[in-house]
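Q: Take 1295 as the starting number for the sequence shown in my numbering and just add one per residue. Let me begin by handing over the structure; questions about it come next.
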Amino acid sequence: MRRALIYVVARARPVLGLVVGGLTIASAASAQSPPVSQGQWRFGASTGGYVASSALIKASDSGDTRLAAGPAIALESQYLATPVVAVYANGVVAFPTVHLGSDIQPAVVGPSNQVILAGATAGVMLTAEDWLGEHLEPTLRLGGGLKWYGFDLTGAENQVRPTGDIGLGLRAVGVGKIEGMVEVRYLLSSFDQSKLPTRGIAPQSQQQNDFFLSVGIGIRP
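Written out as structure tokens, the structure is:
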């Protein structure tokens, strides 16, 4: 788990540098941002890293079947109901790989161990104004939706599961209508083990939660 988190941070660091650099340039070239008012829209895109915090199949030995860390991207739209409350709709796609543990049938092979994990969530985004000065705003995400697992393994079936969506972030404002953001999201869900070719175990719904560390840009038209 520790290695996976280090991998995610390493993947996100170059993107974070680009975001910070872009905000610095925009700050020098842009006027002070107009105040956020209700009825506005915000559109954003972000990239970063995905890491699973729990196994797909927790084995009795140390051979768990789990998803490895991978890159992820997300798109989001927000409707600003008030200056501090927004309603959001978000789509995220991650590209992890699956590590096959001891409870998977020995004959299971590719075509590959690639996995596509897609999430569609909606909820509210709460912003704390003037907590960290006029240019930084902490954010809290509360929502839920669906998570889709797509496997490229012989005998594996794709599946859709409900998920919660909780996130803590930091938004950089004050550079015109362009905003930067850094956020950690926690997607809570479960996984139906019967969709994988297991051997000798009674399949059950295993807890399957994920982290998504992202950096991105938001635009208010």
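Backbone N, C-alpha and C define an ideal beta-carbon position, used for all residues, glycine too.
Does DSSP put Q1453 in a helix, in a strand, or in coil?
A: Numbered from its first residue, the sequence shown carries residue 1453 at position 159. Of the three classes helix, strand and coil, the one that applies to Q1453 here is strand, per DSSP.
Q: Measuring only the C-alpha atoms, how far is G1512 from E1473?
A: Numbered from 1 along the sequence shown, position 218 holds the residue referred to as residue 1512. Numbered from 1 along the sequence shown, position 179 holds the residue referred to as residue 1473. Cα to Cα, the separation comes out at about 5 Å.
Q: At the level of alpha carbons, what is the spacing between Q1487 and T1415?
A: Your numbering for residue 1487 matches position 193 in the sequence shown. Your numbering for residue 1415 matches position 121 in the sequence shown. So the alpha carbons of these two residues sit roughly 23 Å apart.
Q: Check for me: the beta strand (DSSP E) holding V1409 runs from which residue to which?
A: For this step, residue 1409 is matched to residue 115 along the sequence shown. Looking at the DSSP string, the run of the beta strand (DSSP E) that includes V1409 is P1405 to T1421.
Q: Output the distance between the C-alpha atoms of L1481 and D1459, rounded to the nearest integer angstrom.
A: Here residue 1481 refers to the residue found at position 187 when the sequence shown is read from its first residue. Here residue 1459 refers to the residue found at position 165 when the sequence shown is read from its first residue. Distance between the alpha carbons of L1481 and D1459: 5 Å.
Q: Figure out for me which residue from G1342, V1392, A1401 and L1430 has the closest Cα to the Cα of Y1443.
A: Position 149 of the sequence shown, counting from 1, holds the residue named residue 1443. Ranking the options by Cα distance to Y1443, first place goes to V1392.
Q: Taking the C-alpha atoms as reference points, what is the distance between A1401 and L1394?
A: On the sequence shown, position 107 is the one that residue 1401 refers to. On the sequence shown, position 100 is the one that residue 1394 refers to. Approximately 11 Å between the Cα atoms of the pair.
Q: With a threshold of 16 other CB atoms inside 10 Å of the CB of D1355, please say whether the residue is buried or exposed.
A: Mapped onto the sequence shown, residue 1355 falls at position 61. When all chains shown are included, D1355 counts as exposed.
Q: Going by DSSP in three states, G1512 sits in which element: helix, strand or coil?
A: To locate residue 1512, count along the sequence shown from 1; it is residue 218. Note: G1512 maps to strand in three-state DSSP.
Q: For A1339, does the count of other Cβ atoms within 10 angstroms reach 16, so buried, or fall short, so exposed?
A: Numbered from its first residue, the sequence shown carries residue 1339 at position 45. Result: exposed.
Q: Would you decide whether P1390 is buried or exposed? Buried here means 16 or more other CB atoms lie within 10 Å of its CB.
A: What you label residue 1390 is simply residue 96 of the sequence shown in a count that begins at 1. The residue is buried, with at least 16 neighbouring Cβ atoms inside 10 Å.
Q: Does DSSP put K1352 in a helix, a strand or coil?
A: Counted from its first residue, the sequence shown places residue 1352 at position 58. K1352: coil per DSSP, three-state reduction.
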